Structures are given as structure tokens and as C-alpha cells.
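Structure first, then comments.
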Amino acid sequence: MKPRRLSLLLLALAATAALAAWGDAPTEPARVAGVNFAPAALPGIPPLKPRTDIPGRGDPFAATQPVAPAEPPTAAPSAVPHAGHFIPPAPTFIAPLTWRVIGKQLTDDEGWTVFLARGETTWIVREGDTLEDVYRVTTIKPPTLTLQHLSRKSSRTLDIGEVAE
Numbered sequence: 051m052k053p054r055r056l057s058l059l060l061l062a063l064a065a066t067a068a069l070a071a072w073g074d075a076p077t078e079p080a081r082v083a084g085v086n087f088a089p090a091a092l093p094g095i096p097p098l099k100p101r102t103d104i105p106g107r108g109d110p111f112a113a114t115q116p117v118a119p120a121e122p123p124t125a126a127p128s129a130v131p132h133a134g135h136f137i138p139p140a141p142t143f144i145a146p147l148t149w150r151v152i153g154k155q156l157t158d159d160e161g162w163t164v165f166l167a168r169g170e171t172t173w174i175v176r177e178g179d180t181l182e183d184v185y186r187v188t189t190i191k192p193p194t195l196t197l198q199h200l201s202r203k204s205s206r207t208l209d210i211g212e213v214a215e
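Its first residue numbered 51, the sequence shown is counted upward by one per residue in the working numbering.
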């Protein structure tokens, strides 16, 4: 590197260091040719709010008062306490029935018989039969077959189709 270029670079470095060490930052907004660059200078644009004015923000290291625990609800005995708050139980979703209807038959002496399948397994059910020791067939009245869950006592319906005449 040429000595003249090196001396200019060192002079620029010294000037930058001097300004960084002893230079003062301007305390007022800059004015260029009579234009004010203050935050509220543009019409229609509201000025920025300090972070302390925004709800939920402020000094993250400031001491806060602990929140008093909420009163437990009296109407929901199944609510679970968690960190001083009571969380209602999550809703339970019933899984869809996995059987598909492959046919139905009406006989004079036995009533309706419905043929159900899942995979390679086939079930032949009538009113009063149980499916996999989980559901009981309560009624068969086309277009629906009603199943009752044995442990929950809840009813489900399975669409078996209209009666073709």
C-alpha cells in the first residue's frame, strides 16, 4: 500500500474514533431546508407511543404484585385446578363408527338384519346383538341403526340406507 493512502486511512480512523469518544448526539430532530423530521411531522400518521404506554408491555424487569387466585367455580366439580386457576375439562370427541354397511334384509319372523363389515371381518346383527363387546344394537329402523355404548350408555346412529321397494 502506498504511504500516502495509508496516512489518509489512519487519519480517517483517528477522526472517527475522536467523534465516537467526544462527539455529542443531537438532542433535537434534524432540520434540513426548513423540513422538520420529528416523529409527528407527517400528517395523518400518529406519533409512536412509548413502550410503557402499550398495555401488557413496559419494563420486563419491574417487580409486579402476584395475582390473587380466582375463586373455584362451584358449578363445575370436574374442573381441574392448575396454578391457581380452574381449567374446565376438555371436550371429548367421539370417534366415527368404523363399520360400513354392506346390506340389510327384512324377514317376517326375525325383523331387520344388517350386514356390517370392517376390513375382512363381517358382522350380521339384529336388535339386541352386541358388536365387539362395546356396542349393543338397540333399534334397526331404516334409514338408521341405533347403537348404545355399553359403558358410557350413549347412543350413536349408523346410516343404513332407505328401504328399496
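Think of the CB as a built atom: it goes at the ideal place given N, C-alpha and C, for glycine as much as any other residue. Note that the structure is a prediction, hence the values are computed from the model and not measured.
Partner residues in the beta bridge of residue 164, as assigned by DSSP, are 154, 175.
Short of 6 Å from the beta carbon of residue 207, and not among the five residues preceding or following it, lie these beta carbons of its own chain, in chain order: 194, 196.
Shown here for residue 160: same chain residues with a beta carbon closer than 7 Å to its own, the five before and five after excluded, namely 176 in chain order. The residues 197, 198, 199, 200, 206, in chain order, have a CB closer than 8 Å to that of residue 185 in the same chain once the five nearest residues on each side in sequence are set aside. Taking residue 174 as the centre and dropping the five residues before and after it, the same chain places the C-beta of 163, 165 closer than 7 Å to its C-beta, in chain order. The continuous beta strand (DSSP E) containing residue 205 extends over residues 205 to 209. DSSP places residue 61 in the helix class (H, G or I) of the three-state scheme.
When the beta-carbon positions are compared, residue 188 and residue 168 stay at least 8 Å from each other. Here DSSP, grouped into helix, strand and coil, assigns residue 66 to helix. Inter-residue distance for residue 59 and residue 71 is about 18 Å (C-alpha atoms, whole angstroms). Under DSSP, residue 187 forms a beta bridge with 197. Closest option to residue 214, judged by alpha-carbon separation, among 156, 67, 171, 183: 156.
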